[in-house]
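Protein chains in written order, with UniProt numbering: chain A, 1 to 194; chain B, 1 to 194. Written out below as structure tokens is the structure these notes cover.
There are 2 protein chains.
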Amino acid sequence: MTSQLSARDRLLDAAEDLAFTQGVAATPVDVILKQANVAPATLYAHFGNKEGLIVQALQRRLGRWDEAWRLAINKASTPRERLVALLPGLQNYRESVTPARWCPFLGVAAESPHPGDALQEALASDTQLLSTRLRELAIPVVGATGAGALAEELLLIYTGVLGMILRGVATGDAVALGLKTSQLAIDAALNESG
Amino acid sequence: MTSQLSARDRLLDAAEDLAFTQGVAATPVDVILKQANVAPATLYAHFGNKEGLIVQALQRRLGRWDEAWRLAINKASTPRERLVALLPGLQNYRESVTPARWCPFLGVAAESPHPGDALQEALASDTQLLSTRLRELAIPVVGATGAGALAEELLLIYTGVLGMILRGVATGDAVALGLKTSQLAIDAALNESG
DNA sequence: GTCTATATCAAGATAGAC
DNA sequence: GTCTATCTTGATATAGAC
């Protein structure tokens, strides 16, 4: 049976499915090709090389994660809930996609030795998105003065949640722990600004 | 010039130096051999294969990290300072050894796809050490009842510090941020138990 | 235990037809 | 754009002498 998706989409799906769960270096191109049911030359025609495929898979995933996070923010009803929506958003997101062993952006960056790579830039985009939006969401909660510092703490906690998943903690447990810690950070920031 | 260290030690040094900064998969055995000034057969005689070398390099590093942490704990003068000594300990440690791009245990685990690998077990040893000792150190600060929960939060924060380093934040900045967040978690635990 | 030289193999990438 | 078949490379590991 042939899938109805384009070869390009099947390749992106397979790359996400395999490389982000098994590791990029540990996932040979052959295996991706087989799962996508696509011929080698097609991959290279679309993406140039393996790294090109991984980069585009990361970009697509960042877009989807962005959407999922926005959705979680929109479901929240207070500024404070919107600020911590990151964490339930992460949990929902991980339940909706093939869950990478942990964060694919950090994972790919950890494997890629050269800072200037397109792969590293994908991680930078992720970090940038997190920093910027967390800071925006923090302003209505603690005011513009303390927003940057609080955003940094929340990014640290979020990053810690991802790392705990790599340590083998279940996503739900790691998220609950991160949520609890985030509340402490927000309370402390409110006491300072108030 | 030939080093005075044994071939075995030169191999471990080179593996730590290269594989933990560039990534294991991205570091060919040849390169390790060249830097160690050792012949291929010697490596395989000592370690069996590349993974064996990496595993022993990790074990050695865990031992040294353990020592460094103990040292930081001993330099502290109050139970509370001992509980957070993890973070200045990390900073000193990273300044004393070839600093891996981030945590070599998490890094190696991230690359290794199979949960049962000897490599994954090295990460488990690290997590185990952190959990156990943090809990012991937390008892004199917040009492036995809340110690486990606080230890989990501090491990999350520590793991977040490591992840922030991978995101490109300087070690000192990440440590300072983690220290600040840890103090919040401890204060909150004290309020609950008091 | 250590060396030089080499076998073996897997993986990324391409050639050329359709 | 897509396929089958293949090329090329580079990396792990071993053979056999000292």
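No residue lacks a Cβ here, since even glycine has one placed at the ideal position from N, Cα and C.
Item, Value
"Test: residue 22 of chain B CB closer than 7 Å to a CB of chain A", "yes"
"Local conformation of residue 140 of chain B per DSSP, three classes", "helix"
"Touching by the beta-carbon criterion (3+ pairs, under 8 Å), the segment 177-192 of chain A and the segment 182-194 of chain B", "yes"
"Three CB pairs or more closer than 8 Å across the segment 141-159 of chain A and the segment 155-168 of chain B", "yes"
"Backbone secondary structure at residue 27 of chain A - three-state DSSP", "coil"
"Ranges of the alpha helix (DSSP H) found wholly within the segment 55-133 of chain A, counting only runs of at least 4", "79-84, 86-96, 104-111"
"Stretch-stretch touch, CB-based, cutoff 8 Å, three pairs: the segment 14-23 of chain B with the segment 171-178 of chain A", "no"
"Contact with chain B by residue 186 of chain A, beta-carbon distance below 7 Å", "no"
"Between the CA atoms of residue 75 of chain A and residue 5 of chain A - distance to the nearest angstrom", "31 Å"
"Complete runs of the alpha helix (DSSP H) confined to the UniProt DNA-binding region \"H-T-H motif\" (28-47) of chain A [at least 4 residues]", "29-36, 40-47"
"Residue 45 of chain B classed as buried or exposed, judged by whether at least 16 other C-beta atoms fall within 10 angstroms", "exposed"
"Any 3 or more C-beta pairs closer than 8 Å across the segment 69-88 of chain B and the segment 39-55 of chain B", "no"
"Contact the segment 125-141 of chain A vs the segment 79-97 of chain A: 3+ CB pairs below 8 Å", "yes"
"CB contact below 7 Å: residue 18 of chain B versus chain A", "no"
"Chain B contact for residue 113 of chain A (CB, 7 Å cutoff)", "yes"
"Own chain residues within Cβ distance below 7 Å of residue 106 of chain B, not counting five before or after", "123, 162"
"Short Cβ contact (7 Å threshold) for residue 109 of chain B with residue 120 of chain B", "yes"
"CB contact below 7 Å: residue 157 of chain A versus chain B", "yes"
"Beta-carbon gap between residue 55 of chain B and residue 118 of chain B smaller than 7 Å", "yes"
"Cross-chain neighbours of residue 109 of chain A in chain B, by beta carbon under 7 Å", "166"
"Contact set for residue 61 of chain A: own chain, Cβ-Cβ below 7 Å, skip 5 residues either direction", "16, 104"
"Residue 175 of chain B - containing alpha helix (DSSP H), residue span", "171-193"
"Residues of the segment 80-108 of chain B whose Cβ lies closer than 8 Å to any Cβ of chain A, in chain order", "101, 102, 106, 107"
"Beta-carbon contacts of residue 88 of chain B that lie in its chain and below 8 Å, excluding the five residues immediately before and after", "72, 175, 179"
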